[in-house]
């Protein structure tokens with residue numbers, strides 16, 4: 046049966062809570078102040094992107110309290126579709142406000158001493174492929190028609206590899222998949238619990254936004270890319286976390302798993318990808334370099350732009366509010382059909398560590414569930430290095 050969302054808070058919020066007493070003693074009550082016209086101090090120029098992940102979380106903790114205190118008021122403003130914790134160009138903590146169009150003139154530029162960065166993303170939408178995709182057919186601008194971008198699946202790359210095609214079994218991760226009733230998404234990873242293997246993707250890819258009974262088939266490639274059941278079956282839906290469609294909800298993950306075997310699904314990307322992800326995971330930090338391999342855009346790279354994000358995400362069945370999310374910049378990092386892709390650290394000592402599960406985007410920004418939240422909901426681990 047489906048797993049119901051359990052209450053909980055991201056580790057970063059728990060860390061922030063340790064600093065609550067400090068902040069409440071030192072902050073004015075919801076005061077909106079004008080930007081400081083004086084040059085930033087040397088201390089203010091500290092670039093938090095250079096700090097170790099745990100240190101960065103501690104440095105941002107007081108600012109997180111400011112964001113949480115003001116978030117309900119900010120999210121209620123007309124045109125606002127999300128908010129997150131980020132940094133200015135000089136590494137100063139800042140509130141990021143995502144909007145779907147022009148904003149009101151009275152939008153604050155600074156709150157409790159923190160800059161407010163307004164970013165026009167347009168609507169944030171779940172990045173499943175769409176048959177009527179493309180602005181010319183009335184679809185969301187992030188989505189594209191079948192085989193968009195030509196034989197490489199829109200960026201799947203070198204050597205003539207096509208993530209949208211039917212792959213010999215065991216299929217790699219990062220390629221086209223879905224329940225037969227949906228268009229197409231992406232295989233995120235092979236995961237396991239004990240000796241049982243599963244394939245990981247989104248709820249809206251494998252459970253069609255809560256609508257698919259447990260035990261139904263998932264296929265590779267997805268229907269949009271020519272796949273059909275039973276010929277292209279790679280597993281059966283085992284569990285999913287239901288999505289609550291409400292702007293007052295506290296969704297944390299858009300995720301589902303299907304039971305499979307090592308003979309049907311491999312644990313590495315195609316040869317033009319990043320390879321096999323690690324079992325160990327990492328928490329996203331602002332400025333972290335990441336990469337993913339997906340059905341539509343193949344191998345792409347970007348940077349984490351915001352953490353602890355609250356966002357209103359548009360689905361076919363309505364709008365669902367998500368909390369504790371990761372925001373990634375990088376322009377072409379994702380497009381429709383990349384939903385379900387695993388996002389991993391690009392370089393450094395944590396290279397290859399999973400960070401998030403891609404599920405939505407808008408205006409050149411990509412949204413991901415923190416991977417630990419996903420894995421913990423199902424009691425699974427990445428089957429990797």
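In this note's numbering, the protein residues as written are 46 to 430.
Just so it is clear, CB atoms sit at the ideal spot from N, CA and C, and this is done for glycine as well.
If you draw a straight line from the C-alpha of residue i to the C-alpha of residue j, how long is it?
i	j	result
residue 278	residue 383	20 angstroms
residue 212	residue 319	18 angstroms
residue 16	residue 228	This structure leaves residue 16 out entirely; the chain is present only between 46 and 430.
residue 217	residue 397	16 angstroms
residue 156	residue 331	20 angstroms
residue 351	residue 372	5 angstroms
residue 73	residue 160	Residue confidence is low: residue 73 scores 31 on pLDDT, short of 50, so the model does not pin down where it sits. Its coordinate-derived value is still stated next. Answer to the nearest angstrom: the Cα atoms are 15 angstroms apart.
residue 170	residue 402	15 angstroms
residue 423	residue 206	32 angstroms
residue 103	residue 96	10 angstroms
residue 132	residue 317	32 angstroms
residue 421	residue 308	25 angstroms
residue 168	residue 127	10 angstroms
residue 231	residue 239	24 angstroms
residue 264	residue 281	9 angstroms
residue 333	residue 302	27 angstroms
residue 220	residue 140	35 angstroms
residue 166	residue 315	31 angstroms
residue 395	residue 151	42 angstroms
residue 377	residue 399	20 angstroms
residue 283	residue 241	11 angstroms
residue 288	residue 153	32 angstroms
residue 392	residue 426	21 angstroms
residue 175	residue 270	Its pLDDT being 45, under 50, residue 175 is placed unreliably by the model, and the measurement read from it follows with that caveat. Rounded to the nearest angstrom, the two C-alpha atoms are 11 angstroms apart.
residue 89	residue 162	Caution is warranted here: a pLDDT of 47 is assigned to residue 89, below 50, making its placement in the model unreliable, and the coordinate value is therefore given only provisionally. Looking at the two C-alpha atoms, the distance is approximately 16 angstroms.
residue 196	residue 381	At residue 196, the pLDDT of 27 sits below 50, so the modelled position is not reliable; the number obtained from the coordinates is stated separately. C-alpha separation (whole angstroms): 16 angstroms.
residue 417	residue 286	14 angstroms
residue 190	residue 146	Residue placement at residue 190 cannot be trusted, given a pLDDT of 37 that sits under 50; the coordinates are not used to answer.
residue 105	residue 208	38 angstroms
residue 349	residue 297	18 angstroms
residue 325	residue 101	20 angstroms
residue 148	residue 124	7 angstroms
With respect to the beta strand (DSSP E) encompassing residue i, which residues constitute its N-terminal and C-terminal limits?
i	result
residue 416	It is not in any beta strand (DSSP E) - residue 416 instead sits in the alpha helix (DSSP H) that spans 416–423.
residue 239	Counting along the chain, residue 239 falls outside any beta strand (DSSP E), and DSSP gives it neither H nor E.
residue 337	334–339
residue 173	Where residue 173 is concerned, there is no enclosing beta strand (DSSP E), given that its DSSP letter is neither H nor E.
residue 138	138–144
residue 403	399–407
residue 261	Neither: residue 261 is in no beta strand (DSSP E) and is coded neither H nor E.
residue 127	125–132
residue 162	159–165
Using CA atoms only, rank isn't needed, just tell me which of the options is closest to residue i.
i	options	result
residue 368	171, 294, 215	294
residue 210	129, 418, 341	341
residue 164	263, 129, 135	129
residue 360	299, 354, 237, 233	299
residue 135	147, 94, 314	94
residue 144	288, 138, 151, 122	122
residue 328	376, 301, 370, 305	370
residue 356	101, 92, 107, 120	120
residue 214	286, 310, 314, 117	310
residue 262	314, 304, 105	304
residue 237	362, 306, 266	306
residue 379	92, 288, 173	173
residue 406	392, 266, 375	375
residue 115	266, 137, 142	142
residue 389	106, 137, 118, 234	234
residue 117	419, 107, 404, 354	354
residue 137	362, 125, 266, 158	158
Starting from residue i, follow the alpha helix (DSSP H) in both directions and report where the run begins and ends.
i	result
residue 251	248–251
Is any heavy atom in the ligand GTP found nearer than 8 angstroms to the beta carbon of residue i?
i	result
residue 313	As far as ligands go, the structure on display features none, and thus does not contain the ligand GTP.
Quiz prompt | Cβ contact (3+ pairs, closer than 8 angstroms) linking the region 239–254 and the region 210–226 | solution = yes
Quiz item: At a cut of 8 angstroms, does the region 110–117 reach the region 334–351 through at least three beta carbon pairs?
Solution: no
Quiz item: Quick one: any contact between the region 342–355 and the region 269–278, if contact means 3 or more CB pairs under 8 angstroms?
Solution: no
Practice problem: Take every Cβ of the region 234–247, pair it with every Cβ of the region 377–397, and state whether three or more of those distances are shorter than 8 angstroms. | Solution: yes
Quiz item: Are the region 290–306 and the region 363–382 touching by the rule of at least three beta carbon pairs closer than 8 angstroms?
Solution: yes
Practice problem: Examine the Cβ distances between the region 412–423 and the region 257–267 and report whether three or more of them are shorter than 8 angstroms. | Solution: no
Self-check item: Whole runs of the beta strand (DSSP E) within the region 353–395, excluding any shorter than 3 residues
Solution: 363–374, 387–390
Quiz item: Enumerated in chain order, which unbroken segments of the beta strand (DSSP E) with a length of 3 residues or greater are wholly contained in the region 267–302?
Solution: 278–285
Quiz item: Three or more beta-carbon pairs under 8 angstroms between the region 312–326 and the region 418–430, yes or no?
Solution: yes
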